[in-house]
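FYI, in the numbering used here the residues of the sequence shown are 2 to 440.
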Amino acid sequence: MPKVLLIEDDVSFCKMLESFLTRKDFDVDAAFSATEGKAKLKAKSYDLIITDLRLPDDDGLSLVTQFKSLYPEIPVVLMTGYSDIGTAVKAMKNGAADYISKPFNPEEVLLVVNNALSSGIETKPEKKSSKPSKDTFVSGSSRESKKLSDYIQLVAPTDMSVLIIGESGTGKEIIARQIYENSNRKDKNFVAVDCGTIPKELAASEFFGHVRGSFTGAVSDKVGHFENADGGTLFLDEIGNLSYENQILLLRALQERRIKPVGSNAEIAIDIRLITATNENLREKVASGDFREDLYHRINEFSIHSAPLRERSDDLMIFAEYFLDKSNEQLHKNIIGFSPEVIAVFKQYHWPGNLRELQNITKRSVLLTTGEFVQQEVLPKEIFETENRNNPNMSLSDREKLAIISALGRTNNNKSEAAKLLEINRKTLYNKLKLYGLE
């Protein structure tokens with residue numbers, strides 16, 4: 002299976018081309034910048050490099066020169082816009098194997114790629130790596146994502162307690178698992194507990210276990226979450242839901258590092274690393290007397306903010322493409338990517354449900370899609386009723402663009418009907434579509 006490195010800063014286009022080449026039996030790695038591409042080249046060998054001519058951190062001509070100097074045996078194909086064909090021809094004189102001008106059709110891509118590979122070195126087929134697990138941590142490219150990754154790498158090897166703060170659906174448990182996977186305790190248990198589902202009266206039993214006959218219904222001995230996590234990591238999600246009385250029990254166990262099962266006189270020493278998460282402002286709960294201050298400081302030796310999706314716009318399509326691949330695998334489908342109209346809708350939507358909502362909408366859309374690309378008509382209606390429309394900070398042009406996207410979605414991309422909804426004529430609508438890049 003030929004190994005291809007694809008370097009393209011347009012995430013949606015890059016993932017679409019990656020999916021297409023993967024379906025054609027190529028082993029493709031994607032990079033969204035020249036810097037990332039160079040790092041991948043150092044870590045792995047490739048049979049072909051496909052790079053965009055214009056990248057945010059380097060020039061295509063310079064890249065060709067660098068690649069041919071360092072890796073003379075690897076053919077390089079340039080992707081370029083029509084206006085840059087002259088530059089691409091110049092790049093071929095400097096060593097590029099070929100170029101493709103955008104937009105291009107799939108047959109053209111295959112022809113150029115196969116021709117370029119035939120000029121390179123033949124490689125033996127290699128088994129492709131397995132799909133990522135359901136709890137894979139996806140690292141985005143935004144400043145917030147890079148900061149998050151840095152914090153995880155920094156705190157993971159320590160035994161410090163970590164408090165993850167973020168809205169519902171932002172992936173707090175996945176962050177906790179990533180800390181665990183990079184810790185010195187990764188060979189021991191990771192025990193996740195949703196504090197919101199534990200009845201107040203049973204919290205002690207759930208945390209510390211109980212002995213048979215200690216209370217009505219205790220028909221056998223039970224090992225609690227603390228003991229199950231001994232030597233490993235205990236993750237308490239939505240810790241702000243614990244009652245004040247159970248906060249005291251938790252604090253005592255953390256201070257003494259010993260627990261006593263309900264109904265037992267014997268204490269058990271425990272060694273755990275604690276990670277907690279909340280979607281509430283615990284400082285406010287401390288101020289109001291609803292959360293113990295000493296427990297707050299005990300669980301908050303290091304805090305991590307899990308940013309909402311609306312603050313990570315640069316990551317949106319990276320996550321969407323990941324969920325698309327995941328949905329393809331689960332639903333046994335082969336959807337290549339999202340149409341430009343769907344991408345525009347996604348970028349305008351506020352995503353109040355964050356990653357969980359994006360995952361659900363993507364999976365539903367993949368299920369309903371019959372062609373190769375997800376189209377507007379399979380999106381749920383609520384995505385067009387975005388709260389961004391009422392955002393006072395939104396510009397007039399953004400409001401107009403959003404209204405057009407919504408109208409097209411409601412009419413299944415029927416431009417005549419959309420123009421009627423917007424109370425404009427078809428010619429005006431086509432001009433607006435061209436203006437906002439929605440053609």
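Even glycine gets a Cβ: it sits at the ideal position worked out from N, Cα and C.
Flag this pair as yes or no: are the beta carbons of residue i and residue j separated by less than 8 Å?
i, j, result
"R365", "R274", "no"
"I337", "E373", "yes"
"L441", "L423", "As displayed, the chain neither begins before 2 nor continues past 440, which places residue 441 out of reach and without an answer."
"V114", "Y100", "no"
"F191", "F236", "yes"
"S307", "G167", "yes"
"F385", "S417", "no"
"T171", "N355", "yes"
"A1", "F227", "With the chain covering only 2 through 440, there is no way to say anything about residue 1."
"P76", "D10", "no"
"I153", "I175", "no"
"R1", "D272", "This structure cannot settle anything about residue 1, because the visible part of the chain is limited to 2 through 440."
"S140", "V212", "no"
"F209", "I249", "no"
How would you write the range of the alpha helix (DSSP H) that residue i sits in, first residue to last?
i, result
"A419", "416-423"
"R253", "245-257"
"K433", "427-436"
"Y152", "144-156"
"V346", "341-349"
"S102", "Run containing S102: none in the alpha helix (DSSP H); it sits in the beta strand (DSSP E), 99-103."
"E358", "355-369"
"K16", "12-24"
Report the CB separation of residue i from residue j in whole angstroms; it is logged as a contact under 8 Å.
i, j, result
"L252", "D295", "6 Å"
"V263", "S215", "5 Å"
"T81", "L54", "4 Å"
"A193", "D238", "7 Å"
"I164", "N301", "For clarity, residue 164 is Leu in the given sequence; the question names Ile instead. Right, the Cβ-Cβ distance comes to about 4 Å (below 8 Å), so this counts as a contact."
"G241", "L283", "6 Å"
"S162", "F33", "In fact, because the Cβ distance is near 34 Å, the residues do not count as touching under 8 Å."
"N247", "A204", "4 Å"
"D59", "A35", "4 Å"
"L403", "Q349", "5 Å"
"S340", "V379", "Not really, about 10 Å apart at Cβ, beyond 8 Å."
"K16", "E383", "Not a contact, Cβ separation roughly 25 Å."
"F303", "V156", "5 Å"
"W352", "R311", "6 Å"
Could you give the distance in angstroms between the alpha-carbon of residue i and the alpha-carbon of residue j?
i, j, result
"M368", "A97", "According to the sequence as given, residue 368 is Leu; it is not Met. In a straight line, the C-alpha of L368 is about 41 Å away from that of A97."
"Q331", "A31", "22 Å"
"V65", "K41", "16 Å"
"E268", "S206", "14 Å"
"A44", "E358", "35 Å"
"F21", "N414", "25 Å"
"E145", "R313", "7 Å"
"E74", "P3", "14 Å"
"L6", "K39", "10 Å"
"D231", "D28", "41 Å"
"K327", "L149", "23 Å"
"F347", "S63", "34 Å"
"I122", "N335", "Caution is warranted here: a pLDDT of 44 is assigned to I122, below 50, making its placement in the model unreliable, and the coordinate value is therefore given only provisionally. Rounded to whole angstroms, I122 to N335 spans 30 Å at the Cα level."
"V12", "T277", "33 Å"
"E285", "L243", "15 Å"
"L112", "N280", "51 Å"
"R427", "L409", "12 Å"
"F68", "P309", "38 Å"
"N106", "D26", "18 Å"
"D315", "E19", "19 Å"
"E109", "Q377", "27 Å"
"E401", "S46", "47 Å"
"K103", "F14", "11 Å"
"L71", "I8", "17 Å"
"A420", "N432", "12 Å"
"A177", "Y245", "24 Å"
"P158", "N229", "21 Å"
"K128", "I305", "Low confidence applies here, because K128 scores a pLDDT of 33, under 50, leaving its location unreliable and the question unanswered by this model."
"G290", "Y297", "12 Å"
"D151", "N183", "12 Å"
"I425", "K173", "45 Å"
Using 8 Å as the limit for Cβ to Cβ distance, is residue i near chain B?
i, result
"L164", "The structure shown contains no chain B; it holds only a single protein chain."
List the endpoints of the continuous beta strand (DSSP E) containing residue i.
i, result
"I8", "4-8"
"L275", "274-279"
"A117", "Where A117 is concerned, there is no enclosing beta strand (DSSP E), although the alpha helix (DSSP H) it sits in stretches over 107-119."
"V29", "28-32"
Just to check, is the beta-carbon of residue i closer than 7 Å to a non-hydrogen atom of the ligand FMN?
i, result
"S417", "Because no ligand of any kind appears in the structure shown, any question about the ligand FMN cannot be addressed here."
Worksheet entry | Residue ranges of each alpha helix (DSSP H) within the stretch 34-72, 4 or longer | 35-44, 61-71
Worksheet item: In chain order, which alpha helix (DSSP H) runs of at least 4 residues are fully inside the stretch 284-336?
Response: 294-300, 317-332
Worksheet item: Hey, which unbroken runs of the beta strand (DSSP E) at 3 residues or more fall wholly within the stretch 160-242?
Response: 163-167, 191-195, 234-238
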